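Chains as they are written, first to last, in this note's numbering: chain G, 322 to 618; chain B, 49 to 331; chain H, 49 to 331; chain Y, 312 to 565. The beta-carbon is built from N, C-alpha and C at its ideal position, and this holds for glycine as well. None of the values given here were measured: they were computed from a predicted structure.
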Amino acid sequence: MENSLAKWISFFRAGNKGEDQKTHRQEKHHHRIGHKHGEGSAIDFYAYASKIRHWNPTFKVIFSLITLLLVILLNNPLVSLVVIISMAYLTVIKGGLPLGAYISVLMIPITFIILGTIAIGIDFSSLPMGQFNLFIGFGYVFTSADKLQEMAFLMLKVFGAISAMIMMTLSTPSSEIIGVLRKAHVPKLIIELMNLIYRYIFILLDVFNNMRNSADSRQGYGDFKTSCYTFGSVASNMLVVSLKKANAYYTAMEARGYEGDLIFLEEEKKMAVSHLIIGAAFIIFLILLRIMTPWEG
Amino acid sequence: MREPILKFSNLYYRYGNGNPALDGISVDIYQGEKIAVIGSNGSGKSTFFLNANGVLKADHGEISYQGTIINKKNVRELRKNIGIVFQDADNQIIASTVMAEVGFGPMNLKLPKAEVIQRVDEALTYMNILDFKDRPPHYLSGGEKKRVTIADVIAMKSEVIIFDEPTAALDPLNAQMLEEVLGKLGAEGKTMLISTHDVDFAYRWAERAMVFNQGKIIADGTPLEIFQNREILEQANLKRPVMLDVYEMLIEKEMVENTNAYPTTPQALRDLLVNTALSAGKA
Amino acid sequence: MREPILKFSNLYYRYGNGNPALDGISVDIYQGEKIAVIGSNGSGKSTFFLNANGVLKADHGEISYQGTIINKKNVRELRKNIGIVFQDADNQIIASTVMAEVGFGPMNLKLPKAEVIQRVDEALTYMNILDFKDRPPHYLSGGEKKRVTIADVIAMKSEVIIFDEPTAALDPLNAQMLEEVLGKLGAEGKTMLISTHDVDFAYRWAERAMVFNQGKIIADGTPLEIFQNREILEQANLKRPVMLDVYEMLIEKEMVENTNAYPTTPQALRDLLVNTALSAGKA
Amino acid sequence: MNKSMNIREKRFVAIAAAIALVFGLTPVANAMHIMEGYLPAGFCIAWGAICIPFLIAGYMSIRKTLKENPKTITLLAMAGAYVFVLSSLKIPSVTGSCSHMTGTGLGAILFGPTAVSILGIIVLIFQAILLAHGGLTTLGANTFSMAIAGPFVTYGIFVLCKKIKVNKHLGVFLAAAIGDLFTYCVTAFQLAMAYPSESGGVGVSVVKFLLVFAPTQLPLAIIEGILTVVIIIGLETYASSELAELGYLAGGVK
């Protein structure tokens, strides 16, 4: 997971090089994503490549949040299913993200989901209970059809919620999400920190990648003990480097007239009326769906 | 007499550890000059630049910009009119899109938003990177980032532009881009100071050179004067530009006439040879 | 026939976005060669180096070290015998004292402690930085850090040493130190690959040059052959070395005899002029 | 010279701590971030509300630091980015599975727990946005377990060990490892509250969640402790000066 984000940076850059000389841009980035590194850390990369990136970010954020809340509040498997399908449509068909990449992002939390759902679905007792039980020495593990159904519905709900959230993150660069937060009157200090942190994350990933290569080229990950020592050394050195960089950045900011107010130029992207109408219709449809189906998740 | 655009009088600066980084710097800089600032690492060049821009405040001495002495109140004038392109673009770019980055300086000048946008567009067009507007800097290549940092300063419309070792680590294509931009800025009458370790570049580009050594300016003159002064070169550990060596050698061997032409590029030497090559042999 | 120390056959490597960083690299490297690796940023040089050292694993193709094909099991041999001095010393150094840093590689080779200490001392002495032994590397100057990173590799006793743009951002004194070290290592028969944008340096130092372009090696030969090939220079956006230009110009103007001497430094040109300057004039 | 170093040292430690804290918050990452959609609405709101006093305290403390020392802004941000990056790195593990450090321990030890809450919640947001770890509706619950509870426990144990004069590195190990475990316990409790067992209520449910996550979390806590010690040892060697930068941050925390 770790390096993949850093690697994506170099991938993207490597892609740029060619463009540099040949001046055809953008299209190149829509290459089929190799599964080699198609992990969640590539989300930032996908967001910039998305074909719905130009949609108004406020709309995307609010639409995704409302959908997310409805999935949880309505707690209805049909609603979840509709959300899963429509979010996949938006992200994959409209956004142009390769299906394999989309699924790999969806699967990031799979460990948690499996373990968490098992813990919910089974129960312990000293007596044999439920429809299905298993004796494990000191007591029984049991579950029931109801429980199993609850597990399945919960999984649907979780995937619905996740797909609503990643529809936003796979189509909206973080800088634009931060811009939406700023409009929502999140305290200025937090916004400033978020802007800087977002930028610095990529700086430090580069630093980390270089240090890791340097350590690796000297056999620094040969065995577990060596790896621990290397990891610790790289981490503490990365901290030292980041402190130096923090100073350098402040100097560079002052040199351009920074006086304590960190305001970045943002470009307004027009809100399309059609998006508003379709979005509202979708939300109403979800609510109606809940009213018309008796299920509780 | 022409008034200097920037005047430094007797500047002293020392960092916390007690070693003086600037040890009495007095120098006048005039509108439109193209100055190479030479000297080993740690000789005080960067400290000098940061003082010139008002980020560092000298312990003693004063700076005047266009005749006005700079004090705490008008230090903004320095930051506004003297722009620095830092050596490492990754330590300069702070915003997460190219547009926000280039707009950062103008925003700090509290310009109206429409003007900021116009200046950003102009600067990006100037550097030929208008297409990158919405890109985050982390997906740009080294040369592209360099262009963004130059656009940063162009958007400030600074009168004086300082480049801190701009050529280090640039590949040939980007080095060429840089020289083109320098030529364009020079043609617009911008005053430029460039620190560099590349003596061939300094010899070729600059009209004036200053040599820093241990916090002092030990030489200030035309590149030719400086690179002909063996003592200075030795003191500052500088090599001589190849073209200077070659030319002097040809004169010494009487293969070209000594017209004080001092070509700085192979192309100029070629022109010279075509025009003035001696036809007289020697024994 | 002499066996190559390192043999690359048909190496392919691509990053996740589908653009190949190495697009079929086949090349043999022989013991004791001094190779300049040239090409713009992003042309695949660094990816090639990381593959050569075993940090990256090519998608297709194979690497042999001294006749043995490298696979997962013996990739240690590559890491041990091929050392890389990375471009940015700050991002290479990972330990918190110079001693621990230089000892990092030997420790990982699981050498006995006494030998590690001996190697560290030797490497530091070699680089003339024994005094820095207990200092934290991050308080050293840029040139000193560069020396530490070279000591890193010397302590590994690697047979092949790769330098990734070692000259970038070095001041003249440190650049001179670097050339001296390169000379010393060359005299010991080490195989060296150096990536550089400095064509004058490549022309002066290398016995062989490889030009990378978009993941391919588009030229491989003596520096002279390569820098005389206009087509290659254009394709890779390279300038010609000044000394080559000057020499050819002098020949063209018949000011020196065409002995194919090709001096690479002003000093060599001077010697040439003393020995062979033509005394014949021309019309 | 020496004095300035001491100040620098302190600052560095503070920064590192801050950073560490931040990343501390983040790291339980893969296995222990409660995922989007897992908590019913009531729990989302409740856990968010519980975080608010801590976040306000952290916010005030950061604001005060910045007022006294505007330069701290880049340091704080670097600290945040550092925590994010550290927590997103795959750490060495015997099994070869993909584990991440929480960093809770390091952050709290270096920086004190208050201001870390703010950096922590920012890091958690970025983990959700950039890595799809955790989520927006579960942000409150995750912030409480990773940015508040874990760091406070770590910090408490660290201070306690110092008071009773336990070997310093052992103290660091215990603080980081137990802080990590505590985060995991809190998460299990949060899940159990939302999904009580039919047979035994919340109590049995807590046991279930603890058991299910134990195989991944127990070794992780120990590795986390070891790594934190290694990092601290590395920093101590530098501490003579760069760490002084952290003094700014420390000023805000104390």
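Alpha-carbon to alpha-carbon, K473 (chain Y) and D527 (chain G): Against the first sequence, residue 527 (chain G) aligns to sequence position 206. Against the fourth sequence, residue 473 (chain Y) aligns to sequence position 162. D527 (chain G) and K473 (chain Y): Cα-Cα distance of roughly 36 Å.
Against chain H, does T425 (chain Y) count as a neighbour if the rule is that its beta carbon must be under 8 Å from one of theirs? Taking the first residue of the fourth sequence as 1, we reach residue 425 (chain Y) at position 114. So, not an interface residue.
Three-state class that DSSP yields for R167 (chain B) in the structure shown: Within the second sequence, the letter at position 119 stands for residue 167 (chain B). R167 (chain B) falls in the helix class under three-state DSSP.
Please give me, in chain order, every unbroken run of the alpha helix (DSSP H) with length at least 4 that falls completely inside the stretch 114–167 of chain H. 123–129, 137–140 and 146–156
Does the count of Cβ pairs from the stretch 283–291 of chain B and the stretch 258–275 of chain B closer than 8 Å reach three? yes
Can you grab the Cα-Cα spacing for the pair I439 (chain G) / L387 (chain Y), in whole Å? The residue you call residue 439 (chain G) lines up with position 118 of the first sequence. The residue you call residue 387 (chain Y) lines up with position 76 of the fourth sequence. Cα to Cα, I439 (chain G) sits roughly 40 Å from L387 (chain Y).
Could you name the residues of the stretch 576–593 of chain G whose beta carbon sits closer than 9 Å to any beta carbon of chain B, in the order they occur along the chain? A576, R577, G578, Y579, E580, D582, L583, I584, F585, L586, E587 and E588
Return the bridge partner residues of L70 (chain H) from the DSSP annotation. The sequence position of residue 70 (chain H) within the third sequence is 22, counting from 1. Beta-bridge pairing links L70 (chain H) to H:Y61.
Given that a residue counts as buried once 16 or more other Cβ atoms are within 10 Å of its Cβ, and exposed if not, what is I117 (chain H)? By 1-based counting over the third sequence, the position of residue 117 (chain H) is 69. Flag for I117 (chain H) reads exposed.
With three or more beta-carbon pairs closer than 8 Å as the criterion, would you say the stretch 164–182 of chain B touches the stretch 118–128 of chain B? no
Following the continuous alpha helix (DSSP H) through T490 (chain G), name the residue where it begins and the one where it ends. Taking the first residue of the first sequence as position 1, residue 490 (chain G) is located at position 169. Run containing T490 (chain G): A466 to T490, per the alpha helix (DSSP H) assignment.
From A409 (chain G) to L469 (chain G), what distance separates their C-alpha atoms? Within the first sequence, numbered from 1, the residue matching residue 409 (chain G) stands at position 88. Within the first sequence, numbered from 1, the residue matching residue 469 (chain G) stands at position 148. Those two C-alpha atoms are separated by around 26 Å.
Have a look at H:A137, H:G263, H:T313 and H:T307 and flag the residue whose alpha-carbon is nearest the alpha-carbon of V85 (chain H). Translated into the one-based positions of the third sequence, residue 85 (chain H) becomes position 37. Comparing Cα positions, the closest option is H:G263.
Would you say R346 (chain G) lies against chain B (beta-carbon separation less than 8 Å)? Residue mapping note: residue 346 (chain G) aligns to position 25 of the first sequence, counting from 1. Bear in mind that the predicted position of R346 (chain G) carries a pLDDT of just 32, short of 50, making it too unreliable to give a figure here.
Partner residues on chain G for G153 (chain H), Cβ-Cβ distance less than 9 Å: Along the third sequence, read from residue 1 onward, the residue named residue 153 (chain H) stands at position 105. The answer, in chain order, is S538, R539, Q540 and G541.
Based on Cα-Cα distance, which residue from Y:H444, Y:V513 and Y:F395 lies nearest to V427 (chain Y)? For this step, residue 427 (chain Y) is matched to residue 116 along the fourth sequence. Minimum Cα distance to V427 (chain Y) is reached at Y:F395.
Distance, D293 (chain B) Cα to M297 (chain H) Cα: Here residue 297 (chain H) corresponds to residue number 249 of the third sequence, with the count starting at 1. Here residue 293 (chain B) corresponds to residue number 245 of the second sequence, with the count starting at 1. Taking the straight line joining both Cα atoms gives about 16 Å.
In three-state DSSP terms, what is H108 (chain H)? Locating residue 108 (chain H) in the third sequence gives position 60, counting from the first residue. If DSSP states are grouped into helix, strand and coil, H108 (chain H) belongs with the strands.
Are the C-beta atoms of R252 (chain H) and some chain G residue less than 8 Å apart? Start at 1 with the first residue of the third sequence, and residue 252 (chain H) comes out as number 204. Chain G, which has no Cβ nearer than 8 Å to the Cβ of R252 (chain H), makes this no.
According to the neighbour-count rule (16 or more other Cβ atoms, all chains shown, within 10 Å of its Cβ), is H506 (chain G) buried or exposed? Against the first sequence, residue 506 (chain G) aligns to sequence position 185. By the 10 Å Cβ count, H506 (chain G) comes out exposed.
Could you work out which residues of chain H lie near T539 (chain Y), taking near to mean beta carbons separated by less than 7 Å? Numbered from its first residue, the fourth sequence carries residue 539 (chain Y) at position 228. The premise fails here: T539 (chain Y) is roughly 16 Å from chain H at the closest Cβ pair, so nothing lies under 7 Å.
Name, please, each residue of chain Y whose Cβ falls closer than 9 Å to the Cβ of T239 (chain H). As a first step, residue 239 (chain H) is located in the third sequence; it is residue number 191 there, counting from the start. What T239 (chain H) touches in chain Y: nothing, since even the nearest Cβ is about 33 Å away.
Test item: CB-CB of K93 (chain H) and S243 (chain H) under 8 Å: Counting from one through the third sequence, the residue named residue 93 (chain H) turns up at place 45. Counting from one through the third sequence, the residue named residue 243 (chain H) turns up at place 195. Going by C-beta atoms, K93 (chain H) is nearer than 8 Å to S243 (chain H).
Restricting to Cα atoms, I'd like to know which of B:E302, B:G153, B:R252 and B:A217 is closest to T313 (chain B). Position 265 of the second sequence, counted from the first residue, corresponds to residue 313 (chain B). T313 (chain B) has its Cα closest to that of B:R252, out of B:E302, B:G153, B:R252 and B:A217.
Note down the Cα distance separating V413 (chain G) from E587 (chain G), rounded to an integer number of angstroms. Translated into the one-based positions of the first sequence, residue 413 (chain G) becomes position 92. Translated into the one-based positions of the first sequence, residue 587 (chain G) becomes position 266. The alpha-carbon atoms of V413 (chain G) and E587 (chain G) are separated by roughly 27 Å.
Alpha carbon to alpha carbon, how far is V517 (chain Y) from E360 (chain G)? Give it in angstroms, no decimals. The sequence position of residue 360 (chain G) within the first sequence is 39, counting from 1. The sequence position of residue 517 (chain Y) within the fourth sequence is 206, counting from 1. The pLDDT assigned to E360 (chain G) is 34, lower than 50, so where the model puts this residue is not dependable, and the model offers no usable value.
Under a Cβ-count criterion, where at least 16 other Cβ atoms within 10 Å of its own Cβ denotes burial, should A162 (chain H) be classed as buried or exposed? Against the third sequence, residue 162 (chain H) aligns to sequence position 114. Burial call: exposed.
Considering K264 (chain B), what are the terminal residues of the alpha helix (DSSP H) in which it resides? Walking along the second sequence from the start, residue 264 (chain B) turns up at place 216. Per DSSP, K264 (chain B) belongs to no alpha helix (DSSP H); it is in the beta strand (DSSP E), K264 to G269.
Does the distance from the C-beta atom of A235 (chain H) to that of N261 (chain H) stay below 8 Å? For the purposes of this step, residue 235 (chain H) is taken as residue 187 along the third sequence, with counting starting at 1. For the purposes of this step, residue 261 (chain H) is taken as residue 213 along the third sequence, with counting starting at 1. Not in contact: A235 (chain H) and N261 (chain H) (Cβ atoms no closer than 8 Å).
Burial state of P364 (chain Y), where buried means 16 or more other Cβ atoms lie within 10 Å: Here residue 364 (chain Y) is taken as the residue at index 53 of the fourth sequence, counted from 1. The residue in question, P364 (chain Y), is exposed, as its Cβ has fewer than 16 Cβ neighbours within 10 Å.
Less than 8 Å between the CB atoms is what I'm expecting for I440 (chain Y) and S495 (chain G), so what's the real figure, rounded? By one-based count along the fourth sequence, residue 440 (chain Y) stands at place 129. By one-based count along the first sequence, residue 495 (chain G) stands at place 174. Rounded, the Cβ-Cβ distance is 6 Å, consistent with contact.
Kindly list, in the order they appear in chain G, the residues whose Cβ is closer than 7 Å to that of N156 (chain H). The residue labelled residue 156 (chain H) in the question sits at position 108 within the third sequence. Those within 7 Å of N156 (chain H) in chain G are R539, Q540, G541, G543 and T547.
Kindly indicate which residue of Y:T413, Y:A499, Y:S398 and Y:G369 has the alpha-carbon position closest to the one of L350 (chain Y). The sequence position of residue 350 (chain Y) within the fourth sequence is 39, counting from 1. L350 (chain Y) has its Cα closest to that of Y:A499, out of Y:T413, Y:A499, Y:S398 and Y:G369.
Using 8 Å as the threshold, is the C-beta distance between L421 (chain Y) and H411 (chain Y) below it? Within the fourth sequence, numbered from 1, the residue matching residue 421 (chain Y) stands at position 110. Within the fourth sequence, numbered from 1, the residue matching residue 411 (chain Y) stands at position 100. Not in contact: L421 (chain Y) and H411 (chain Y) (Cβ atoms no closer than 8 Å).
Inter-residue CB distance, F152 (chain H) and R503 (chain G) (contact presumed, cutoff 8 Å): Residue 152 (chain H) sits at position 104 when you count from the first residue of the third sequence. Residue 503 (chain G) sits at position 182 when you count from the first residue of the first sequence. About 45 Å; that fails the 8 Å criterion.
Beta-bridge partners of T454 (chain Y), as assigned by DSSP: Here residue 454 (chain Y) refers to the residue found at position 143 when the fourth sequence is read from its first residue. BP columns for T454 (chain Y) are empty, so no partner.
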